[in-house]
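Protein chains in written order, with our numbering: chain X, 1 to 307; chain W, 1001 to 1115.
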């Protein structure tokens, strides 16, 4: 039992470490897009920057606004972080933490509940910027969840299982059968994780910092870690659904899978460095009038094709 | 095993918050630090305003389509077993009805985001 606890703590620590390094990869990636160096001060090439960031952020002043609802203010980031990292329970490797038959369903549930955390953060801040940011973030997440889920169901019509590991080793490159689904799904994933070009939540020119505006040290750390954790997990889902494969040795297969996940998470960064942000009503129009009908049509096509 | 991971995660999160508190709590409160942020000014109005009903309508429409997805999920679990064309036709007609519903909403203007 004690040994079991150690395994979980270790996996948790490794996930947090990978997310912390993703932060520096993003900053360096964006700077390469802009033809400059990026952070390279803390140590050689800035490799200890996540440690420096973590220490700096957690040691900042603990400020809870007087006008805020104290309990919800503290629980909000906790909620978002817990439901973002609870997803990592279903990481599809050959020796997982536990056998989970309906892992994709679990993924959809946790992503949906995370929206509550966002609303809690924004509403309890008692700040107009925070509230507007939270409403916009929740509306965006909730709208894109439908096309996200529908498109996620399309490759499953060919497979018939909800287990991520089975999908990953099914060795059918669904990219061939569902190219359009992959492209549209990637757009939905960008919107779900509030990434550019859909980062209206944190549109600095519009809403200062969205629902995170009142959060200082601990809250900002948890919210940012949650966001980057969900980015890596989205690329993991993408990889296990659409680019599934299996070689004979499971360890080699796991390593190649991890490399592919990292590569796809780099795509999120490249998209951020390339595309501008338009307008919120254009985002909502695109979701309800373009992506939702298209995703239902793709579902029907996959239904027919999987005969 | 899975529950153990979630318990560990709970305590890690709690630990991060407590660490933030221990490292960062200061008692020299000042009016500027404790008031809510409004670009440097005093907060002009309360943030507890009435919210736009557009968000509520959006939530209602989301509810309908989320229930659709929830109803499609059992079919996906039986894809290997229930391969009969009758079942497939029924699911297809279900999705067609939903598509018609979406197009009706589009027509009615519930999907317009008017600001």
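Heads up, the beta-carbon is just placed ideally off N, CA and C, and yes, glycines get one too.
Here the alpha carbon of residue 73/X sits roughly 14 Å from the alpha carbon of residue 1035/W.
Selection 237/X, 134/X, 182/X and 125/X evaluated against residue 114/X yields 134/X as nearest (Cα-Cα). Between the alpha carbons of residue 50/X and residue 165/X lies a gap of roughly 30 Å.
For the stretch 237-290 of chain X, the full-length alpha helix (DSSP H) segments reaching 4 residues or more read 250-274 and 280-285 along the chain. Between residue 137/X and residue 194/X, the C-beta spacing is below 8 Å. Considering only beta carbons, the part of the stretch 1098-1112 of chain W lying closer than 7 Å to chain X consists of 1098, 1099, 1102, 1106 and 1111, in chain order. Using a 10 angstroms sphere on the CB of residue 276/X, the tally of other CB atoms stays under 16, which defines it as exposed. Sequence-distant partners of residue 158/X (beyond 5 residues in either direction) whose C-beta falls short of 6 Å from its own C-beta, in its chain, are 306. Around the beta carbon of residue 303/X, 16 or more other beta carbons sit within 10 angstroms, so the residue counts as buried. Residue state for residue 1112/W is assigned as coil, using DSSP reduced to three classes. The beta carbons of residue 1060/W and residue 150/X sit no closer together than 8 Å.
Residue 60/X reaches chain W at 1024, counting residues in chain order whose Cβ is nearer than 7 Å. Three or more beta-carbon pairs separated by less than 8 Å link the stretch 208-217 of chain X to the stretch 54-61 of chain X, which places the two stretches in contact.
Legend: CB atoms of the stretch 162-182 of chain X lying less than 8 Å from CB atoms of chain W belong to residues 162. When 70/X, 120/X and 233/X are compared, the shortest CA-CA separation from residue 104/X is found for 233/X. Taking 8 Å as the CB threshold, residue 32/X stays off the interface with chain W.
Just so you know, the alpha carbons of residue 256/X and residue 93/X end up roughly 11 Å apart.
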